[in-house]
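Numbering (this note's numbering), first residue to last: 3 to 336. Working notes, beginning with the structure itself.
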Ligand SMILES: Nc1ncnc2c1ncn2[C@@H]1O[C@H](COP(=O)(O)OP(=O)(O)O)[C@@H](O)[C@H]1O
Ligand SMILES: [Mg+2]
């Protein structure tokens with residue numbers, strides 16, 4: 003690679019990558035935050051960077067969006083060199099991060115019009131774009147309300163709508179659903195899916211939730227202490243993680259014993275009187291377990307379905323549980 007090259011190296015016949023990076027490193031003082039990150043993200047896809055608090059997700063986003071500079075490594079975003087063509091990169095990307103761009107004192111519409119101004123849209127075009135986006139994000143009814151009155155979910159939607167004013171080709175979403183209630187989270191997932199389906203944009207998102215990465219991403223990379231410790235499709239990743247299971251609790255040791263005889267491959271725990279039965283978490287699988295209990299007339303006290311989560315991923319890939327101080331509340335709350 004020559005020092006003057008500003009466009010991304012593209013292999014013949016390959017889909018143009020939206021983001022490529024090699025050997026990105028970043029330290030703050032003695033602390034190494036990113037320790038050699040390589041990325042290759044195809045255009046029109048969703049890429050999820052999955053990792054616990056402090057893994058280096060935001061730092062990666064900050065580098066790729068030109069907010070901070072890497073100590074080493076190179077990257078291209080939308081075909082433009084990150085540092086040699088930083089302005090060109092900025093003009094093709096959108097970012098919504100931990101610090102929202104929403105101005106609390108302005109109404110939803112005013113926030114959007116402000117963005118339209120920043121993007122030099124003329125007044126009429128700006129108004130039209132704001133109206134379109136308000137409709138698209140189901141915010142038309144609150145267009146005239148100040149953002150300070152908004153719920154967490156509405157604020158995130160407005161933030162994303164503001165990002166879209168400039169028609170970005172690559173959108174960075176740093177933990178887009180952290181702190182949202184489950185319903186707002188699902189709405190945000192739908193919006194993200196529609197963005198890719200309708201606009202063909204590329205999405206780089208960070209998340210602490212395996213389920214979110216699984217729901218949205220074409221490819222997932224797992225970030226741990228500044229290194230990518232696994233990369234692949236959700237299915238590829240899940241094949242490396244021990245499957246989920248159904249946990250059934252019984253009233254006494256004898257019933258547990260009987261049940262253990264029915265489910266051959268289950269693991270039993272005498273202390274908690276539970277049986278852990280491997281399961282993909284699907285409805286047919288759950289039904290099979292319930293049917294087996296019913297036909298043999300074995301009484302269960304309780305039953306829970308456990309699907310693999312980030313803790314399982316880390317336990318498998320690193321052999322270590324996530325450090326306790328990095329475990330976020332699985333539901334979040336706002
Ligand atoms: N400006 C900074 N100065 C010093 N340390 C930082 C700075 N930004 C991030 N860090 C440290 O880098 C590590 C990774 O942070 P971050 O990228 O924010 O992780 P994540 O977004 O995955 O939670 C953390 O240990 C954090 O304290
Ligand atoms: Mg972060």
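In this text, a Cβ means the ideal position worked out from N, Cα and C, and glycines have one as well.
Got a sec? Which residues, its chain only, sit under 6 Å from residue 182 by beta carbon, not counting five neighbours each side?
154, 155
Any heavy atom of ligand 2 inside 8 Å of the beta-carbon of residue 59?
yes
Alpha carbon to alpha carbon, how far is residue 68 from residue 187? Give it in angstroms, no decimals.
28 Å
Nearest to residue 198 by CA position, among 236, 302, 45, is which residue?
45
For residue 73, which residues of its own chain have a beta-carbon under 8 Å away from its beta-carbon, when the five flanking residues on both sides are left out?
27, 28, 29
For the beta strand (DSSP E) containing residue 424, list its first residue and its last residue.
Because the chain here runs from 3 to 336, residue 424 falls outside it and cannot be looked at.
Hey, quick one: how far does the beta strand (DSSP E) through residue 33 stretch, first residue to last?
33-44
Hey, out of 36, 89, 31, 19, whose CA is closest to residue 25's CA?
36
Taking residue 268 as part of the beta strand (DSSP E), name the residues at either end of that continuous run.
Premise fails: residue 268 is in no beta strand (DSSP E) and is neither H nor E.
For residue 60 and residue 331, the rounded distance between their alpha carbons
Note that residue 331 scores a pLDDT of 41, beneath 50, so its modelled location is shaky; the value from the coordinates is reported in the next line. When rounded, the distance between both Cα atoms is 19 Å.
Is the region 195-213 touching the region 305-314 in the sense that three or more CB pairs, one from each, lie closer than 8 Å?
yes
Could you tell me whether the region 279-292 touches the region 234-249, using the rule of 3 or more Cβ pairs below 8 Å?
yes
Start-end ranges of the alpha helix (DSSP H) lying completely within the region 114-184, minimum 4 residues:
125-138, 154-166
Figure out for me which residue from 167, 83, 316 has the closest Cα to the Cα of residue 98.
167
From residue 122 to residue 285, what does the alpha carbon distance come to, in whole angstroms?
52 Å
Terminal residues of the continuous alpha helix (DSSP H) containing residue 264?
255-264
Could you compute how far the alpha carbon of residue 93 sits from the alpha carbon of residue 127?
18 Å
Would you check if the distance between the CB atom of residue 190 and the CB atom of residue 103 is smaller than 9 Å?
no
Assumed close pair residue 225, residue 255 - CB separation to whole angstroms, cut-off 8 Å
Not a contact, Cβ separation roughly 44 Å.
What I want to know is whether the C-beta of residue 208 ends up closer than 8 Å to one or more non-hydrogen atoms of ligand 2.
yes
Tell me, to the nearest whole angstrom, how far the beta carbon of residue 215 is from that of residue 52; I am working on the premise that it is less than 8 Å.
5 Å
Between residue 221 and residue 43, is the Cβ-Cβ spacing less than 9 Å?
yes
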